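Taken in order, these protein sequences are the chains called A and B.
Note that my numbering has the first sequence beginning at 1, numbered continuously upward.
Note that my numbering has the second sequence beginning at 179, numbered continuously upward.
Note that CB positions come from ideal geometry on N, CA and C, so glycine has one too.
Predicted model, so just to flag it, every value in this text is computed and none were measured.
What follows is a set of notes on a single structure, which appears directly below.
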Amino acid sequence: MSNTAGKGAGSRQQRRWAIDLRNARSRGNQVSLLATPASLIDRTADFQLEAGGGDQAALVEKRSWDVALGPIKQGPMNFLFSWMAGNTISIYSIIIVVMMFWRPVQSLIQYQSVFRMIEGRSSILQKLAWVLGNLALLGIALYKCNSMGLLPTYESDWLAFIEPMKRQEYMGGGLSFQ
Amino acid sequence: METEFAKKSIEKILDIHGESVVVIVGNRVFSWQSQSGQLNWEIVLLNKEKQLINGYYVEEDKLVLLVDGERIYGIQIQNGAVRYRKELNEGVVDCSLHSGILHVTTEKEYRKFTVGDGGALDATPLPSTRCYLSKSAQIACLESDGVRLLTRHLPLSDIDSMHSLRCGALFLLETEASGNWVLDAAAATIVEAGRSLVVGVEIEENCVPLKLVEKDGAVEVRPVGGLSSALPDARYRLPKDAGRVAMFVPVITRNTIPLLIVWTDAKQLLVLNTDGAVLWRRDEALAEITAAEVFDPPPKEDIEAEEALLSGPQGLFSSMMLRASSQLHMLVELLDVERLLRVETGRPALHRDRFGLRKVILVAARPNILMALDSADGSVIWRQQVADAAPMSEDGSLHLWMLRSASHQRLTPVAALLAATKGNAKKSVVVLFNPLDGTELDRHILEQGALQAILAPIANSHHLRPLVVLDNNRGVHVFPLLEYSHVLSSANRLFVLAGQRETAVLSGYRLRNDAGTLKGELTWQAALGNDMQGSKLLSLVTIPANDIAYSQGRVLGDRSVLYKYLNPHLVAACVDTADGLTVSLLDAVTGEMLYSTGHKRARPPCHLTVSENSFVYSFWNDRFRRTELVTVEMYMFTRNGSDVNAWSWPRPSAIERQAYIWPDVIASMAFTTTHRGITYKDLMIATQAGLLVEIPRAFIDARRPLNPQPIHREEGLLPYAPELPLPYDMVVNYHNYIERTTHIYCTPAGLESVALVFATGLDLFFTRAYPSKMFDMLKEDFDPKMIAAVLSAFLIITVVTKRLAAEKLLKRAWK
């Protein structure tokens, strides 16, 4: 029931209702079904891409830089989020902080797929920029943790690990019995 | 003050028809309503206290007659007015009220008075200075070779004392050589009564002297001699641990004695009946407890106990035998065979319960009584009278230590009692016994008398901590004796502190290993009092061994730390100088004084108690007439070094102190403790009014600020207010007032959130305190079965409906 006629499937024998204009010129000595109109000016040469041309290198470079600077572009958004989260500890703030913390960690873990996308001359620099960008995001998250008081920066946070002073002498007694 | 009055004893009680009760204490006479306890009247006779000879109630004139050493008083029963007061110019020897006339014998004369107005009737001279009157006013005079009655002279040698038997014409004569004799002055006969106790009772209008004969727990009451044989012999059984009978009162109906009320020298009151049963029994020695130790009963035989048993170094065969016997014990418990075998006592086996809340309380009471109480219901597990022991002469105390607890399988627990010997108060006796059943294990007499004693810090291989006693000659004794070498090895780390009450001098001794013998060496002395005027050392407390601080500092509002100054060698002393009180804090190993303060116009009682880095003391401020409570806390700003000896121990950087006003008079104070120290420590205060109050630490904090800043609120400090509140929901004992509390013992329980409190005094009180609420126990309405049932129901329903839904979808797809 379905029409199985493809582009070149036994098309010479059957009636062709699709004309492939692309290869018409290159197959010069083949039978051309249509002649070109008289007023046609051939500008196809202008639009042809050269494989491995200089423009292509620039585009690759551009794309790599886009990927490398991706994390840094997220920075301002993170700042906005951390300002929204506030300094107290509530469920909303915890969610935001955890999210801010987890995203750069997750992308750092998946560095391989990103590094595959970065190619070109200054790929080392771009890779470094990407890593630094993620670390900067982490830094913002840590700063948020610090300002919420979650980091053990004060002496009182280490109080539980202080050992009691050991005694070397033993003493006993009280009011004398007699 | 109340405490001085409390030491007097009641000399006479008169029951006025069950409506009111007249009580004579010293030189005061009280009358209370019998039903309501309301005081009717109270009078003071004269400032000088004379020994009361006797007191009578005269029905017709509604008078109370009192005869003391020199006077006769007639007091109206209605309003306590003294109707008359007669001075007798000689000392009164004896008196008797008979047929409306008061008969009095003095050293020279025999006089009679009318009771209505004290008028003298007549006076006759007496032949000797010691003449006594019987109840029916017969005179008998004691002479060197016998007894002289009005008409006759009865010879008897070596009479020590004579007194009337309060019945008819009977007297009791006590001789050292030949026991007791009963004199019937009317019939002029003397009958021998042996060495038994004698009581005179009235049976059918006759006065019969009865004697009590004790033999192997069987007690018999018989008439003396052949004076009356109308009474059948009455036999009773006295329990073995009741001691010897000191006084007895037969309850007589017709001419039988169905009940016998007995007071023993072990301070027990028993009522015995002729079937050999004890109707009821009271241990009055519990009112005179001087030392108490609370410990865990032995754990049940179970897998954990078995593992603990086998954890030590053992050979192959012995560990196999241990495992086999442990399994056998467990089988026996499973089948509850023990319950069948233990028919006699009817008490459930003494085992630890699941949370370690059931304890055995071992107490030592005056004069020489040891008892163990079950903390579940306060019943007495065993009682024992320690032979040849007496309270220490200094303060009448006995001392207890637990050398080995009952937590170790197969090792009997050992406790030690230190007391003075009965004959000679200068010598001491140390008795080692098993605190689970009172059997005596060992006993030693210290010729020099004990000065102080400490428990050795390190237990030997059998988990026993020897008791090290320093005697008055600086000799050192170790009990049990076999542990001498064990203590010798650690001798140079042991220090003993002794404080003299009368001179307020503290002495620190060091134990020295002197070529194989232990010797005590005096290292420091501190004279805390004022030499010019007399000073007395009132109380001395050291940090208790079970006082553990879980957190080493306090977190302040700005998240910095104020470290607690935790010195395990601290000792606090309170000295009563002539013009006030001095409280000092010393390090007992080096003798260095860390803190000292004086309170002018402060009076005892001074109660001191220590916990972690703070100590709290209370005194009576005479200027403002109120009780004040002072908290002193010691802190360090930095912590460095962890393993130092006492001489390099840091000093406190800051000592904070604050005083508060307590609205009552304090009888005793103590801090609660727990095993790990995580729970807060509340202060238990027993007031003189009978309340036991639990005060949270926050109220008596020394850092409560006068002008609170936000940083203080951050820390959680209440603003300072001088009065301590006494809200009634902090009173632990509700309306069960406990009278005359002398000491509060606080012990940890198996659960961290529970602290056990035991208050002794005239009344005993045992309770659990929850200073941080009950954070480690599920609520009672937590129903695990219900939750499990609901969960499993949900699971089943989920699986079933999933299956059903899949089937339905499939069916629909096939349509």
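Let me see if you follow: with CB-CB separation under 7 Å, is residue i close to chain A or not?
i        : result
Asn602/B : no
Gln678/B : yes
Val767/B : yes
Phe657/B : no
Gln887/B : no
Leu940/B : no
His747/B : yes
Val910/B : no
Arg671/B : yes
Ala824/B : yes
Ala983/B : no
Asp394/B : no
Leu675/B : yes
Val794/B : no
Val733/B : yes
Ser820/B : yes
Taking a contact to mean a Cβ-Cβ separation below 7 Å, would you say residue i touches residue j in this structure?
i        : j        : result
Met425/B : Phe177/A : no
Val843/B : Leu786/B : no
Lys859/B : Asn791/B : no
Arg835/B : Val810/B : yes
Gly378/B : Cys345/B : yes
Ala631/B : Leu576/B : no
Leu675/B : Ala824/B : no
Ala864/B : Ile922/B : yes
Leu447/B : Arg460/B : yes
Ala470/B : Ile539/B : yes
Leu642/B : Leu581/B : yes
Gly698/B : Leu689/B : yes
Arg779/B : Asp800/B : yes
Ser831/B : Phe815/B : yes
Ser146/B : Leu506/B : Because residue 146/B is not part of the residues shown, which for chain B are 179 to 993, the question remains open.
Thr919/B : Val935/B : no
Glu872/B : Met847/B : no
Gln563/B : Ala444/B : yes
Gly855/B : Ile726/B : yes
Asn87/A  : Ser147/A : yes
Within the 7 Å Cβ cut-off, does residue i reach chain B?
i        : result
Gly10/A  : At Gly10/A, the pLDDT of 48 sits below 50, so the modelled position is not reliable; the number obtained from the coordinates is stated separately. No, no contact with chain B.
Ile162/A : yes
Ser64/A  : no
Ser147/A : no
Ser93/A  : no
Arg167/A : yes
Tyr170/A : yes
Leu175/A : yes
Gln178/A : yes
Thr4/A   : Because the pLDDT of Thr4/A is 46, which lies under 50, any placement of that residue in the model is unreliable, and the question is left without a value.
Identify every residue that forms a DSSP beta bridge with residue i.
i        : result
Lys190/B : Ile202/B
Gln630/B : Leu648/B
Pro949/B : Lys951/B
Val423/B : Thr442/B
Gln563/B : Ile547/B
Is residue i near the ligand MG - that is, is its Cβ less than 6 Å away from at least one heavy atom of it?
i        : result
Gly616/B : With respect to the ligand MG, the structure offers nothing, as it holds no ligand at all.
>> Along the region 560 to 572 of chain B, where does the CB come closer than 8 Å to a CB of chain A? Name the residues.
In response: Of all residues in the region 560 to 572 of chain B, only Met570, Ser571 and Glu572 place a beta-carbon less than 8 Å from a beta-carbon of chain A.
>> Closer than 8 Å between beta carbons: that is the criterion. Which residues of the region 704 to 730 of chain B meet it against chain A?
In response: Within the region 704 to 730 of chain B, the residues whose Cβ lies closer than 8 Å to some Cβ of chain A are Leu715, Ser717, Leu718, Val719, Thr720, Ala727, Ser729 and Gln730, listed in chain order.
>> Give the list of continuous beta strand (DSSP E) stretches no shorter than 3 residues that lie fully inside the region 194 to 261 of chain B.
In response: Those beta strand (DSSP E) runs which fall completely within the region 194 to 261 of chain B and span 3+ residues are 198 to 203, 206 to 211, 217 to 222, 230 to 236, 241 to 246 and 249 to 254.
>> Under 9 Å, CB to CB, which of the residues in the region 575 to 605 of chain B have a partner in chain A?
In response: Within the region 575 to 605 of chain B, the qualifying residues are Ser575, His577, Leu596, Ala598, Ala603 and Lys604.
>> Please give the ranges of any beta strand (DSSP E) in the region 835 to 920 of chain B, keeping only runs that are unbroken, at least 3 residues long and fully inside the region.
In response: With a minimum length of 3 residues, the continuous beta strand (DSSP E) runs that stay inside the region 835 to 920 of chain B are 844 to 849, 861 to 865 and 870 to 873.
> What alpha helix (DSSP H) runs, 4 residues minimum, are completely inside the region 465 to 504 of chain B?
Replying inline: DSSP runs (the alpha helix (DSSP H)) wholly in the region 465 to 504 of chain B: 481 to 487.
>> So within the region 264 to 326 of chain B, which uninterrupted beta strand (DSSP E) runs reach at least 3 residues, ignoring any that extend past its ends?
In response: As far as the region 264 to 326 of chain B is concerned, its whole beta strand (DSSP E) runs of at least 3 residues are 270 to 276, 279 to 284, 287 to 292, 298 to 303, 309 to 311, 317 to 321 and 324 to 326.
> In chain order, what residues of the region 626 to 655 of chain B put their CB closer than 7 Å to some CB of chain A?
Replying inline: Answer set for the region 626 to 655 of chain B: Gly627, Ala628, Leu629, Gln630, Ile632, Leu633, Pro635 and Asn650.
> Closer than 9 Å, Cβ to any Cβ of chain A: which residues of the region 735 to 746 of chain B, in chain order?
Replying inline: Against chain A - using a Cβ distance shorter than 9 Å - the residues of the region 735 to 746 of chain B are Asp736, Arg737, Ser738, Val739, Tyr741, Leu744, Asn745 and Pro746.
>> I'd like the ranges of any beta strand (DSSP E) spanning at least 3 consecutive residues and lying wholly in the region 589 to 643 of chain B.
In response: With a minimum length of 3 residues, the continuous beta strand (DSSP E) runs that stay inside the region 589 to 643 of chain B are 592 to 599, 606 to 611, 618 to 624 and 628 to 633.
>> List, from N- to C-terminal side, the beta strand (DSSP E) runs of 3 residues or more that fit wholly inside the region 644 to 730 of chain B.
In response: Within the region 644 to 730 of chain B, the complete beta strand (DSSP E) runs of at least 3 residues are 645 to 649, 654 to 657, 672 to 678, 683 to 692, 695 to 705 and 714 to 720.
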